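Trainee: Below is a structure I'd like to ask you about.
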Amino acid sequence: MLISYIKECRVPGHEWFSETLPTILQIQEMIESAWDMGFNSIGRIETGGIRGTRKYIGTAEAQALFLSLGIQCEASRIGITKDMQAHDVLFMCIANYFRQACSLDTNDKVFLTNLPPIYFQHQGLKRHSLTIIGFEIRDNSSANLLVLDPMFKPSSAVKRLRGTRAVSADPARILKGYRRGAAYLQKYKVFEILNDWKFRSPSSLPSVIMRTAPNVIITGTPGVGKTVHCEQLAQDTGLRHLSINQVAKDRDCFETYDEELKTWIVDEDKLLDAVEDEMLQGGLLIDWHACDLFPKSWIDLVVVLRCPSTSLLYDRLSSRGYKDAKLQENLDAEIFGVLLEEACEAFDEEVVVELMSEKDDDVEGNCERISSWVASWKINQNLNANRNIPEMHHLSTSAAELRN
Numbered sequence: 012m013l014i015s016y017i018k019e020c021r022v023p024g025h026e027w028f029s030e031t032l033p034t035i036l037q038i039q040e041m042i043e044s045a046w047d048m049g050f051n052s053i054g055r056i057e058t059g060g061i062r063g064t065r066k067y068i069g070t071a072e073a074q075a076l077f078l079s080l081g082i083q084c085e086a087s088r089i090g091i092t093k094d095m096q097a098h099d100v101l102f103m104c105i106a107n108y109f110r111q112a113c114s115l116d117t118n119d120k121v122f123l124t125n126l127p128p129i130y131f132q133h134q135g136l137k138r139h140s141l142t143i144i145g146f147e148i149r150d151n152s153s154a155n156l157l158v159l160d161p162m163f164k165p166s167s168a169v170k171r172l173r174g175t176r177a178v179s180a181d182p183a184r185i186l187k188g189y190r191r192g193a194a195y196l197q198k199y200k201v202f203e204i205l206n207d208w209k210f211r212s213p214s215s216l217p218s219v220i221m222r223t224a225p226n227v228i229i230t231g232t233p234g235v236g237k238t239v240h241c242e243q244l245a246q247d248t249g250l251r252h253l254s255i256n257q258v259a260k261d262r263d264c265f266e267t268y269d270e271e272l273k274t275w276i277v278d279e280d281k282l283l284d285a286v287e288d289e290m291l292q293g294g295l296l297i298d299w300h301a302c303d304l305f306p307k308s309w310i311d312l313v314v315v316l317r318c319p320s321t322s323l324l325y326d327r328l329s330s331r332g333y334k335d336a337k338l339q340e341n342l343d344a345e346i347f348g349v350l351l352e353e354a355c356e357a358f359d360e361e362v363v364v365e366l367m368s369e370k371d372d373d374v375e376g377n378c379e380r381i382s383s384w385v386a387s388w389k390i391n392q393n394l395n396a397n398r399n400i401p402e403m404h405h406l407s408t409s410a411a412e413l414r415n
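Per this note's numbering, the sequence shown starts with residue 12, numbered consecutively.
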């Protein structure tokens, strides 16, 4: 539907689309090309690729497609806040969006704007998105989103009104299929929108200095295979393996010693000072069991390795001589997905990927996928440098969350 808007309104970027709307297979090719250019390319790691498949396409993929064509847009995640339910936050955001084009010095009940529509996703939608085209406040102060849903065809009553100036005797009945109010939306805790469109050519964007190689964190509970992955990836990608544990030892970044767990506690401030220059240069595979201490601007990809088999993880940790308390703490952390949760809280979820690491085949497959991502990232950086496009960090959770 957004492509239809871009085509019909002939906004900058419409040149990419032919007279007919692209097919599903053509859209898949465009998204694959966007990933090749490095736009939200973590989606390829999460999906294993979508070309010629029936796999779900979410907000991250839609944004990648538009960004690759020079059509700038922002993806936002809307959820529950301390004081408001998610649907109330959504209503407020959409109302503010449309209000910017409405005059308050009038008694008109209906406003027509030139604002672009809004791409809209929420949990529970099956293989499609909605398009927000308006916002409605009823006489009783309740609010509705006005949406187009591709799952439903226009009713015969709507079709009869096309091309006429007739007024329906029962507008509520006609609008019912287009309204999404609190009763519908309050069932969901997370929403995603794609808006803040900037229809301009890539050459008009400012130039900034970018890293020429990415920083990738390989994290996870001790025993999941972080070092094995980093060593293999260093050979495959040319990135440098940076063991944070070794840095802490070599540069005396320890704070205290935990007698119960028999382990040193890292002084995070001292550690960050020790690695800052290397991080800013880029090209690192960061091997560490935590990632939430690093600034978001330093990191391009966070890989959380998982080992669901507790018996396997137990054997790995036991072979290291872990004492009972330390062993149990790490098993609990893996069972409850503590490090994955910390990664998702510390970084935009579009740069966080969860990979299994139980068998040798897992290591090989994971390294191939990460290496592919690194190669795509480098290609994108080179293209951006040539086009003077700034490095972009976009919020996009749907690639993982809405596929479940």
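Yeah, the Cβ is synthetic: ideal placement off N, Cα and C, and Gly gets one too.
Bear in mind the structure is a predicted one, so any value in this text is a computation, not a measurement.
Just checking, does the region 248-265 make contact with the region 316-332 on the three C-beta pairs under 8 angstroms criterion?
Mentor: At 8 angstroms Cβ cutoff, the stretches do not touch.
Trainee: Nearest to P233 by alpha carbon, out of V258, D160, I346?
Mentor: Nearest of V258, D160, I346 to P233, Cα basis: I346.
Trainee: In or out: N391 buried (at least 16 other Cβ within 10 Å) or exposed?
Mentor: By the 10 Å Cβ count, N391 comes out buried.
Trainee: Buried or exposed for I297, going by 16 or more other Cβ atoms inside 10 Å?
Mentor: Its Cβ being crowded by 16 or more others within 10 Å, I297 is buried.
Trainee: In or out: Q132 buried (at least 16 other Cβ within 10 Å) or exposed?
Mentor: With 16 or more other Cβ atoms within 10 Å, it is buried.
Trainee: Would you list, in sequence order, the uninterrupted beta strand (DSSP E) runs of no fewer than 3 residues that lie entirely inside the region 269-336?
Mentor: Counting whole runs of 3 or more residues, the region 269-336 contains the beta strand (DSSP E) stretches 274-277, 295-298, 312-317.
Trainee: Give the single residue among F146, M162, P161 whose Cα lies nearest to the Cα of N155.
Mentor: Among F146, M162, P161, the Cα nearest to that of N155 is on F146.
Trainee: CA-CA distance, G348 and E271?
Mentor: Using only the alpha carbons, I get a separation of about 23 angstroms.
Trainee: Let me know if C20 comes out buried or exposed under the rule of 16 or more other beta-carbons within 10 Å of its beta-carbon.
Mentor: Burial call: exposed.
Trainee: Which whole-angstrom value describes the C-beta separation of N377 and L295, a residue pair presumed to lie in contact below a C-beta threshold of 8 angstroms?
Mentor: About 18 angstroms separates the two Cβ atoms, so there is no contact after all.
Trainee: Around the Cβ of E26, are there at least 16 other Cβ atoms within 10 angstroms (buried) or fewer (exposed)?
Mentor: That one is exposed.
Trainee: Please state whether the Cβ-Cβ distance between A224 and H98 is less than 8 angstroms.
Mentor: No; because the gap between Cβ atoms is not below 8 angstroms, this pair is not in contact.
Trainee: Are the beta-carbon atoms belonging to I14 and E43 less than 8 angstroms from one another?
Mentor: No, Cβ-Cβ distance for I14 and E43 is not below 8 angstroms.
Trainee: Near K273, which residues of its chain fall below 7 angstroms by C-beta distance, leaving aside the five closest residues on each side in sequence?
Mentor: The residues are K334, K337.
Trainee: Per DSSP, which residues does V201 bridge with? Please list them.
Mentor: V201 is bridged to G90.
Trainee: Could you have a look at D373 and say whether DSSP puts it in helix, strand or coil?
Mentor: Three-state result, D373: helix.
Trainee: Taking 8 angstroms as the cut-off, does the region 349-358 touch the region 41-55 (at least 3 CB pairs, one atom from each stretch)?
Mentor: No, the region 41-55 does not touch the region 349-358.
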